[in-house]
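Engineer: Submitted below is the structure of interest, expressed as structure tokens.
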Amino acid sequence: MDQISLELLCLIAEHLQLSELCCWTLTCKKINFSLRNILYDKAVALDIQRGWPYYLVRAALVDEATNAFQKLLQQTSLEVINKANIDLSEVPGYYDRSLLEPPELVSMQVPRRLTSLLHVTSQLCSQDTMRLVLSRGAFPDILDTYGWAPVHLAAWNGDTDALRILVNGGANIDLKKIWNEPPLYDRYQTEHSGTTPLHQAASRGHLPAVELLLAAGADPKISCHKMCDALGATAKSGNMEVFRRLLEEGFDSAALTAALKYAAEQGNTAIVARLLELGARAHDALVHAVQHDRLGNMRLLLDAMADPTRDLYRKKVLHRVRSIQATKMILARFPGLSAAARPGLFHGTPLETLYDYGREHNPQELEGIAMLLIGDGCLIREPVPINEDNDRISSNRNVLEDAAFWGHTKVIEALLSQKKSLLHVRYRDHGSPLSAAAYSASDNKLACFKLLVEAGADIDAVPIFEHLYSMSLQVAGTPRPHEQNALVTRFLVDSGIDINRRSGSEYPLIHALCMENDQSAMILIKAGADITVRSGRRLSTLQEAARHGCLEAMEHLLRVGNVEELMTSPDNEPLLHLVTCEAHLKHGKVKGYVKMMGHLLLGHLDVLPGNVAGGVATELKDLAYTGQMEVVRRLCKRNIVDPGAKYRSGTAFDQLASWHPEELIDLVDEAHQKWPRPPSTGLFGLFQRRII
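When the count follows the numbering used here, it moves up by one through the sequence shown with no breaks and lands on 1013 for the last residue.
See the structure below:
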């Protein structure tokens, strides 16, 4: 290399990759300076092609003001430096990832976050590197695509060194964070929109950063879009040291009152007490304390003579209660308050509102609050029957229906003693308190039924069995209450209900089987339910029992005299096809489930969950000897049906294999030997042979 001229080496270097050129600069001492200049030129050119200063950022992340960084910085244009063009996901090293995708924006279609060189160096690099970037001409108030300036980030992190450099470099310390995408900003304002660096430092409890910003002249009384100044942000976060320091700046009564509302939502009673001492008005803050169930703050505010009837967003204090203790505290000081809280245009009585937000409470807590409100004389209204004109009136609730759904027997008794006419009011889905009790998943389901029927509810007025076995339980994740439904079924049978009359779209026995309620189905069968009825799909009771894994009902129906009739369907679909189809839909994603069912169809009746699922058979073990799997095992073991029976040119095994070819690939050859398939012709046949 020493024999090659400098001009030729430089010409060759221009055609090298950056990694190779970098190695040359380390080995060719003779022309090191010239090669480095070529290296920097190529790096800057590649950055221009990328659209953002990748190599400049890499040099900056060395975290010292190296010659390489200075050279690249000088050769990079100010237009590139003063542009939000750096994708944070591509920046190596630590970066505050909570700022990449704020939780409040996860559900929105927001653009990716792009930032500038000064943002990166202010968080990741040394002070010397920051000074170099500013001296090169970087704009200190540049915003990233989420509206954050470098001074916001430094205040958020409590980095006083970076803050000091930015302030000395001319950064606007009262700069408000804004959203740079107008359409999204119009639709949604994030938690930090309109906040200043002082808001960020105060809300995060960074006292040194707060001191620095105040000393530099930051205005603590600027409000963000939520009308919250720095004192309110501190009251919200609960940092007492920052709170005391900000009070020294002097705030008027309106600012103190606004801060009190934010403090009332948190658990720091010391801040609430201090604000009350300074003259903050307690009225509006009480609603915030009640809504967040801050009992200590509630006590302080009530002692300060807060008005519990004060309206906020058209609701009063009792419309916001979240616990029995809070309700007792309010009613102990203001007895009769629930009777005075009249319904408005957009909200009902406290009792109606309580049940409207019932899912936010524990069911027992909900019943306790309801009883306190009723005992205090809360207005109990009879809702207007639903029609096209008032269907969307949120206040038009039947609280007896709500109480029945939640299984609140004490509330039902109290309501019936005061307004028995609620028992016969039809509501929304044209149901009634009795149908709401049927939907319930409560352990008190039977007790609610008895109370309502004894009070005069007509068990024949609504399709009670359709509601009783319905899948549309309104409590997410709640399993079907089969035992409670069986007890209610027995009660209805004993009450003389007609079990052979259609209940909605199906017969009661069909409803029970389709909802996999084996216990209720057996109660109906033993009570004389007609086993020859057919479902809306024209399937017999035996077929529905097998399809939904109701083992006891299936065994009983297999022993009746007309079993042959029960085994047939109008389109002659074999029983195993029905069962395997339902099993695939319900449990097909469980590891090993389909493979185990394939083994059973082939006659491998001694197969174990561990044989097909390996070490992850926990979920399969719970399903291996129940439901559809046990139905297939019993039908095949006792030769009740022919596993090789074909429907639409395929066996039940073929049907499973078409849906789960990978799981059953080891068993396909054995299945084809046992049940030979005629060769298919045409394009469909070719496609079918590739799958099966």
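Using N, Cα and C, we set each Cβ at its ideal position, and we do this for glycine too.
Just curious, the alpha helix (DSSP H) that Ala523 is in, first and last residue?
Structural biologist: Here residue 523 is taken as the residue at index 202 of the sequence shown, counted from 1. Counting along the chain, the alpha helix (DSSP H) containing Ala523 begins and ends at Pro518 to Ser524.
Engineer: Round the Cβ separation of Asp462 and Ala492 to the nearest angstrom and send it over; I've been treating them as touching at under 8 Å.
Structural biologist: Position 141 of the sequence shown, counted from the first residue, corresponds to residue 462. Position 171 of the sequence shown, counted from the first residue, corresponds to residue 492. 6 Å between Cβ atoms; contact.
Engineer: Pick helix, strand or coil for Asp677, following the three-state DSSP scheme.
Structural biologist: Start at 1 with the first residue of the sequence shown, and residue 677 comes out as number 356. Helix, per DSSP.
Engineer: Ignore the nearest five residues each way along the sequence and tell me which others in Pro784's own chain have a CB closer than 7 Å to its CB.
Structural biologist: Here residue 784 corresponds to residue number 463 of the sequence shown, with the count starting at 1. Only Ser824 and Gly825 meet the Cβ criterion.
Engineer: Starting from Tyr914, trace the alpha helix (DSSP H) both ways and give me its first and last residue.
Structural biologist: Locating residue 914 in the sequence shown gives position 593, counting from the first residue. Segment Tyr914 to Leu922, the alpha helix (DSSP H) holding Tyr914.
Engineer: If we ignore side chains and look at the alpha-carbon of each, how far apart do Thr348 and Ser558 end up?
Structural biologist: Here residue 348 corresponds to residue number 27 of the sequence shown, with the count starting at 1. Here residue 558 corresponds to residue number 237 of the sequence shown, with the count starting at 1. Bear in mind that a pLDDT of 46 at Thr348, under 50, signals an unreliable position, so the number given afterwards is only what the model happens to contain. Roughly 57 Å between the two C-alpha positions.
Engineer: For Asp573, does the three-state DSSP call read helix, strand or coil?
Structural biologist: Position 252 of the sequence shown holds residue 573. Three-state DSSP puts Asp573 in coil, outside helix and strand.
Engineer: Tell me the rounded alpha-carbon separation between Lys350 and Ser398.
Structural biologist: Counting from 1 along the sequence shown, the entry for residue 350 is found at position 29. Counting from 1 along the sequence shown, the entry for residue 398 is found at position 77. Reliability of the predicted coordinates at Lys350 is poor, the pLDDT of 48 falling under 50, and the value obtained from them is presented with this limitation in mind. One C-alpha to the other measures close to 30 Å.
Engineer: Would you grab the beta carbon distance between Arg859 and Pro829 for me? Rounded to a whole angstrom, and I think it's under 8 Å.
Structural biologist: Residue 859 sits at position 538 when you count from the first residue of the sequence shown. Residue 829 sits at position 508 when you count from the first residue of the sequence shown. So it is not a contact: roughly 18 Å between Cβ atoms.
Engineer: Would you identify the three-state DSSP class for Arg855, choosing helix, strand or coil?
Structural biologist: Within the sequence shown, numbered from 1, the residue matching residue 855 stands at position 534. Residue state, collapsed to three classes: strand.
Engineer: Under a Cβ-count criterion, where at least 16 other Cβ atoms within 10 Å of its own Cβ denotes burial, should Gln976 be classed as buried or exposed?
Structural biologist: As a first step, residue 976 is located in the sequence shown; it is residue number 655 there, counting from the start. Counting Cβ neighbours within 10 Å, Gln976 comes out buried, since at least 16 surround it.
Engineer: Taking only the alpha-carbon atoms, compute the straight-line gap between Leu382 and Tyr467 and give it to the nearest angstrom.
Structural biologist: On the sequence shown, residue 382 is found 61 positions in, with the first residue counted as 1. On the sequence shown, residue 467 is found 146 positions in, with the first residue counted as 1. Rounded to whole angstroms, Leu382 to Tyr467 spans 23 Å at the Cα level.
Engineer: Please identify the residue among Leu599, Leu533 and Leu607 whose C-alpha is closest to the C-alpha of Glu586.
Structural biologist: Taking the first residue of the sequence shown as 1, we reach residue 586 at position 265. Ranking the options by Cα distance to Glu586, first place goes to Leu607.
Engineer: So is Asn489 buried or exposed if we call it buried at 16+ other beta carbons inside 10 Å?
Structural biologist: Taking the first residue of the sequence shown as 1, we reach residue 489 at position 168. Counting Cβ neighbours within 10 Å, Asn489 comes out exposed, since fewer than 16 surround it.
Engineer: With hydrogens ignored, establish whether the beta-carbon of Asp465 is closer than 7 Å to any heavy atom of the ligand MN.
Structural biologist: For the structure depicted, the ligand MN is absent and the ligand set is empty, with no information on it obtainable.
Engineer: Tell me which residue opens and which closes the alpha helix (DSSP H) that Thr648 is part of.
Structural biologist: Working through the sequence shown from its first residue, we reach residue 648 at position 327. Unbroken alpha helix (DSSP H) run through Thr648: Ile645 to Arg654.
Engineer: Grab the span of the alpha helix (DSSP H) containing Pro754 for me, first residue to last.
Structural biologist: The count along the sequence shown starts at 1 and reaches residue 754 at position 433. Note, Pro754: alpha helix (DSSP H), Pro754 to Tyr760.
Engineer: Count the other C-beta atoms from every protein chain shown that fall within 10 angstroms of the C-beta of Asn589, then say buried if there are 16 or more, exposed otherwise.
Structural biologist: Here residue 589 is taken as the residue at index 268 of the sequence shown, counted from 1. Buried.
Engineer: For Thr436, which beta-bridge partners are listed by DSSP?
Structural biologist: Counting from 1 along the sequence shown, the entry for residue 436 is found at position 115. According to DSSP, Thr436 bridges with Ile407.
Engineer: With distances taken between CB atoms, is the gap from Ala551 to Leu599 smaller than 8 Å?
Structural biologist: On the sequence shown, residue 551 is found 230 positions in, with the first residue counted as 1. On the sequence shown, residue 599 is found 278 positions in, with the first residue counted as 1. Cβ distance not < 8 Å, so Ala551 and Leu599 don't count as in contact.
Engineer: DSSP three-state call for Tyr583: helix, strand or coil?
Structural biologist: As a first step, residue 583 is located in the sequence shown; it is residue number 262 there, counting from the start. Here Tyr583 sits in helix by DSSP.
Engineer: Residues in the same chain with beta-carbon distance under 6 Å from His905, minus the five sequence neighbours each way, listed in chain order, please.
Structural biologist: Along the sequence shown, read from residue 1 onward, the residue named residue 905 stands at position 584. Excluding sequence neighbours, His905 sits near Trp980.
Engineer: So, with DSSP's three-state summary, where would you put Glu984?
Structural biologist: The count along the sequence shown starts at 1 and reaches residue 984 at position 663. Residue state, collapsed to three classes: coil.
Engineer: Would you kindly work out how many angstroms separate the C-alpha atoms of Gly971 and Pro982, rounded to a whole number?
Structural biologist: Position 650 of the sequence shown, counted from the first residue, corresponds to residue 971. Position 661 of the sequence shown, counted from the first residue, corresponds to residue 982. Approximately 14 Å, taken between the alpha carbons.
Engineer: Relative to the C-alpha of Tyr946, which residue among Val962, Ala966 and Met918 is closest?
Structural biologist: Counting from one through the sequence shown, the residue named residue 946 turns up at place 625. Comparing Cα positions, the closest option is Met918.
Engineer: With distances taken from CA atoms, which of Glu411, Leu409 and Ser447 is nearest Phe390?
Structural biologist: For the purposes of this step, residue 390 is taken as the residue at position 69 of the sequence shown. Cα-wise, what sits closest to Phe390 is Ser447.
Engineer: May I have a chain-ordered list of the alpha helix (DSSP H) segments no shorter than 4 residues that lie completely inside the region 798-829?
Structural biologist: Qualifying alpha helix (DSSP H) stretches, in chain order: 803-815.
Engineer: On the three-state DSSP scale, how would you describe Gly971?
Structural biologist: As a working note, residue 971 is residue 650 in the sequence shown. DSSP places Gly971 in strand when its eight states are reduced to three.
Engineer: Taking the alpha-carbon positions, what's the Leu533 to Asp449 distance?
Structural biologist: Working through the sequence shown from its first residue, we reach residue 533 at position 212. Working through the sequence shown from its first residue, we reach residue 449 at position 128. Going by the C-alpha atoms only, they are around 20 Å apart.
Engineer: Identify which residue in Gly679, Ala833 and Leu658 has its Cα closest to the Cα of Ser644.
Structural biologist: As a first step, residue 644 must be located in the sequence shown, where it is residue number 323. It is Gly679 whose Cα lies nearest to the Cα of Ser644.
Engineer: If we count the other Cβ atoms within 10 Å of its Cβ and call it buried at 16 or more, is Glu502 buried or exposed?
Structural biologist: As a working note, residue 502 is residue 181 in the sequence shown. Annotation note: pLDDT 45 at Glu502 (below 50); position unreliable, coordinate value reported separately. Counting Cβ neighbours within 10 Å, Glu502 comes out exposed, since fewer than 16 surround it.
Engineer: Considering only the alpha carbon of each residue, which of Arg602, Ala601 and Glu688 lies closest to Val642?
Structural biologist: Translated into positions along the sequence shown, residue 642 becomes position 321. Among Arg602, Ala601 and Glu688, the Cα nearest to that of Val642 belongs to Glu688.
Engineer: Can you tell me whether DSSP reads Ser558 as helix, strand or coil?
Structural biologist: As a working note, residue 558 is residue 237 in the sequence shown. Three-state result, Ser558: helix.
Engineer: What residue does the alpha helix (DSSP H) around Phe786 start on, and which one ends it?
Structural biologist: The count along the sequence shown starts at 1 and reaches residue 786 at position 465. Looking at the DSSP string, the run of the alpha helix (DSSP H) that includes Phe786 is Ile785 to Leu789.
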